[in-house]
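Read the structure below first, then the notes.
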Amino acid sequence: MSSLFDRLISLFRGTPRLAPAELQAAFRSHYKDFRALLTANNNALELMAEMEQALGAGQPFGMAFIRGNCTALSVNIYKMIHHLTRLADGRYGELDQPFRAITKQLEQVIASKHVNTEGANILPMAEVDASTVDQVGEKMANLGEARNRIGLRTPDGFVITATAARQFIEANDLQVEINRRLKGLDIDNLEELYTVSAGIQGLISNAPLPAELEEAILGHHQQLDTAPEAELLVALRSSALGEDSSNISFAGQYRTQLNVSREFVTQAYKEIVAGKYKSQAIVYRQQRGFRHQDVHMCVGCLRMVDAAISGVMYSRAPDDPRSPFVIIQAAPGLASTVVDGSAASEQLRVSRTAPYPIVHRASATEQSQTLTEPQAAELATVGVRLEEHFGTPQDIEWSIDRAGLLYILQSRPLGHSVSEEVRESSKHSATPNDLPAPVLSGGVCASQGVGYGPVFTVRSSLDLLRFPKGAVLVIETPYPDWASLLNRAVAVVSETGQMAAHLATVAREFGIPAIFGMHQALATLENNSLVTVDATAGKVYEGRVEPLLALAPPKPNLMAGSPVYKILTEALVHITPLNLTDPASPFFRPEGCQTLHDLTRFCHEKAVVEMFTFGERYGFDDKAAKQLVVENSPAQWWVIDLDDGFTPDFDPESRYVHLGHITSVPMQAIWQGMMAFPWAGPPPVSLGGLGSIIFQSTRNPSLDPGVRSAMAAKNYFLISKNFCNLSVRLGYHFALVEANLGEFLTENYVSFQFKGGAADENRRLLRIRLISEILNEFGFRVEQKVDAMTARIEKKPGPSLLERLRVLGYLLIHTRQIDMVMADQGMAANYREKIMADLHTLMDIPTEG
Amino acid sequence: MTQPLNILLIDDEIDFVETTGKRLIRRGYSAKTALTCAEGLEIIASGWPEVVVLDVMLPDRDGMDCLREIKGKWPTLPVIMLTGHASMETGLHGLECGASDYCLKPIDLETLVEKIAIAHRESRAPGA
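Going line by line, the protein sequences match chains A and B. The working numbering puts the first residue of the first sequence at 1, with every later residue one more than the last. The working numbering puts the first residue of the second sequence at 1001, with every later residue one more than the last.
Written out as structure tokens, the structure reads:
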């Protein structure tokens, strides 16, 4: 270290204001803050990118993700401000104000409550309608609408409200324990998921109800008991708050208990509340962006209908929102047999216009014909009426009792898996010709689309645990329990079941192609064999059928529209927009920082300037910047050593530094990239033009513009052994390369900024696009804003970052004049090819230093 | 690493401290664990730890309180806050009280090890 010490003393000798030892300490302290600031900047930018990606990619994330990232982000920005004020000897303290203001807004966004659960713990059905939705959940609110606003027949009963569920959980102080168990749960680890889920459900089912609540439930139950000759049986139906909102249905995710007698009512209630934590519900909420705490389990307690025929009705075909038919599935007995996929039912298509004739009827046998024509017509009338009332196609559960009276058990928006545009486009694209012969054909399309993957048969819960990601789920019966596999499956083939099954609803929402009622599926499809499932056409092929896969519509973004998605969107408003783009602008000030991104940008820019002007403030003489000497001739590049960027034998008195004295690993890599290929000559269209002049200027001192004082006039490397910040101002361009390659991955990064160009705007844009594409191919995360771009890559090991630096070095030299030829697309393509070939050669150069 | 770094983990989640401690030792660090703030302070008073990893929620007292006491008595000892309950408010408060970093559980060991090493390096660098 003594050489560094000596060097610093000599550097400061020109205008001694501090004692040498003090100067050295000050300098090293500043460098330490600078390095810490860069690391915090690195972390902050990575966190922001992660949040933006989460929003775009439709990957599941929860509140923990948002809260965690916002916290980590604010912590890192706090650090940046802290280190900048130290670097700047106390200046920039006013950054605290915008920082506090932004974090306060963020906290409000995160804390925002999206549901309200104050009110009575029981509401009779007569008082339930859409206005009570925050108390009774959407399923029951819709049923109340059907009963009290439309005047349809629904079973008598009452709702045990969200308030009741909250009282129950609070009385037993369960939420803390539940949150503890859910914390850090990896929903992809199915075994862990099932263990945690079962544990939480046990916790809730075994806890006692508050006495007051138990009395209230049994009291209301008593009032339903009006026919003393028969035992009163009720159905308990879950009605989770938020479950049917914005076309998101938790189909089959929660329990419904049928034929419950009086002594089991309270236990059944607790089990339904516990069902909030069924494994598939946990997964579902996480994928769809519901916060567990925002989902409240309301429970409808309804008199059982003594059903002769039951079923499901869609007011429109699920795959066509403009279809002129109501679709009815009917089976003898209870509706649940149709919904859980276990009964062979008949399917009817009934016209939506009076007199509502049956257009088509598909039954397994003559005997299984269940509905009469008047019944079908009555159902269709009700279906159309419900759709009119709710303003959107409905998915309706119904029963007809032994007296022939029609009861509506449930009505909710019909889920559509793909947007209309996608559906339209897939309709127009005809089925490709020359397809191989399918191995299976038939069934019904439960969810449209095409999927490819290895077959995996699931027969038991054990198979469930082993189900691999990306496999085709093959089952005998579409039980709702299999829903937790749908985020891992690429397609579903079931031997039985109808499109009314809950599993079909969920498959449509997830955009997973599914064929139900495909006979012989289990016998034909061997485990691990690769198949292509064309659910739209009801066919399964051996191997990969590319023409069909090319037709597959994109998967819907499952998170879009969910409460957590909304919160992240609102949070990002305060985080990612970048308003401070131009350091020369009068708005580039602490007061101008409106987002966390602005703060990072401001702190980083000022930190670099502070390091740059350290010498000025502390009395470096102008010898601090050494002119780089390459092959014995001075080049137009200057180098400032921040710490240990020169070899110990370097003479600090010298005005020049030879390339051989540079120990900075990232600078050497950039230089390698710059010099690896000689410039092939000016592009043909601008022979002797600006490009070649700029290039010349980098090697010929006589072309130095001669502006000495301002940092803007020269090309500077600020270096240490592990660090390099290179600002290049060549003609009309500005480029900044910055890199740190240290012993910790946390601190490693390469960033690149590029702006401007001499040619007209169109060509500049084309060039930026070309550079963006190339950098993308080399793994950079690229952002482009008009004619400015930034590219970053972080937390990667040194060797891979050195490769990236050589790429940037190359691009700095070789793309400068490209905009001159950019008007010609063909020529641009040629350049791109040449550049990529050069870059791949560069990759093979062994790393130096 | 010439001398293994001495790391103290203060956290009442027994599973977490024990496995993390063991994994740090397997990586060549020296690690001790404490389940309460009082226990942790005792070990710190012995002069042993070089880096402290502190949970925000402790059974005997508020972790932030514990942090304040540590930084009051041993201002140069780096303390990394680690918590399962993310909150911007406590995160910033922790830094204001002198914490080197504020991290969220679950954290992978790789990241934690780097944070510990960086906090230690910063605490020893001049001008700290």
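By construction, the Cβ of each residue, glycine as well, lies at the ideal position given by its N, Cα and C atoms.
query, result
"Strand pairing of Thr1083(B), partner residues [DSSP]", "Leu1104(B)"
"Beta-carbon proximity check, Leu628(A) vs Leu718(A), cutoff 8 Å", "no"
"Which of helix, strand or coil DSSP assigns to Pro454(A)", "strand"
"Buried versus exposed, by CB contacts within 10 Å (16 or more), Thr496(A)", "buried"
"Rounded straight-line distance, which links the Cα of Ala49(A) to that of Pro586(A)", "28 Å"
"7 Å CB neighbourhood of Cys70(A) in its chain, flanking five on each side removed", "Leu106, Ile110, Ala571"
"Interfacial residues, the region 74-102 of chain A to chain B, with Cβ spacing under 8 Å", "Ser74, Val75, Tyr78, Lys79, His82"
"Cβ shell of Arg443(A) (< 7 Å), same chain only, five flanking positions each side left out", "As written in the sequence, residue 443(A) is Gly, which differs from the Arg given in the question. Excluding positions up to five away in sequence, the list reads Ile515, Phe516, Gly517, Met518, Gly538."
"Cβ of Gly1127(B) within 8 Å of any chain A Cβ", "Residue confidence is low: Gly1127(B) scores 48 on pLDDT, short of 50, so the model does not pin down where it sits. No coordinate-derived value is stated."
"Inter-residue spacing [alpha-carbon to alpha-carbon] between Ile1025(B) and Val1017(B)", "12 Å"
"Under 8 Å between C-beta atoms of Ile1044(B) and Val1052(B)", "yes"
"The region 265-283 of chain A contacting the region 294-301 of chain A, beta-carbon criterion three pairs below 8 Å", "yes"
"Ala437(A) vs Pro454(A) beta-carbon contact at 8 Å", "no"
"Inter-residue spacing [alpha-carbon to alpha-carbon] between Thr256(A) and Val490(A)", "28 Å"
"DSSP state of Trp1048(B) mapped onto helix, strand, coil", "coil"
"Pick from Lys1071(B), Arg1023(B), Arg1027(B) that is closest to Leu1041(B), judged by C-alpha positions", "Lys1071(B)"
"is_contact[Gly1028(B), chain A] using C-beta, thresh 8 Å", "no"
"Three-state class that DSSP yields for Asn259(A) in the structure shown", "strand"
"As assigned by DSSP and simplified to three states, the class of His114(A)", "Its pLDDT being 49, under 50, His114(A) is placed unreliably by the model, and the measurement read from it follows with that caveat. The answer is coil: DSSP assigns His114(A) none of H, G, I, E or B."
"C-beta atoms of Asn748(A) and Gly798(A) nearer than 8 Å", "yes"
"Whether Lys139(A) touches Arg285(A) by CB criterion (8 Å)", "no"
"CB contact flag (Phe752(A), Val737(A), <8 Å)", "yes"
"Arg86(A) versus Asp1062(B) - alpha carbon distance", "30 Å"
"Reduced DSSP secondary structure (H/G/I, E/B, other) of Tyr716(A)", "strand"
"Which of helix, strand or coil DSSP assigns to Ala504(A)", "helix"
"Thr161(A) vs Asn121(A) beta-carbon contact at 8 Å", "yes"
"Cβ-based neighbour list, Val265(A), same chain, cut-off 8 Å, excluding 5 preceding and 5 following", "Ile217, Leu218, His221, Val234, Leu236, Cys301"
"Ala635(A) to Leu659(A) span [Cα, whole Å]", "10 Å"
"Proximity of Thr746(A) and Thr39(A) at Cβ, strictly below 8 Å", "yes"
"Chain A contact residues for Lys1105(B), given Cβ-Cβ distances below 8 Å", "Lys183, Gly184"
"Exposed unless 16 or more other CB atoms sit within 10 angstroms - verdict on Trp1048(B)", "exposed"
"Cross-chain neighbours of Thr746(A) in chain B, by beta carbon under 8 Å", "Thr1111, Glu1114, Lys1115, Ile1118"
"Chain B contact for Ala571(A) (CB, 8 Å cutoff)", "no"
"Partner residues on chain B for Lys874(A), Cβ-Cβ distance less than 7 Å", "What is shown of chain A runs 1 to 849, which leaves residue 874(A) out entirely."
"Burial state of Glu215(A), where buried means 16 or more other Cβ atoms lie within 10 Å", "exposed"
"Identity of the residue in Phe734(A), Ala500(A), Glu397(A) nearest Leu850(A) by Cα", "The question about residue 850(A) has no answer here: the residues shown for chain A are numbered 1 through 849."
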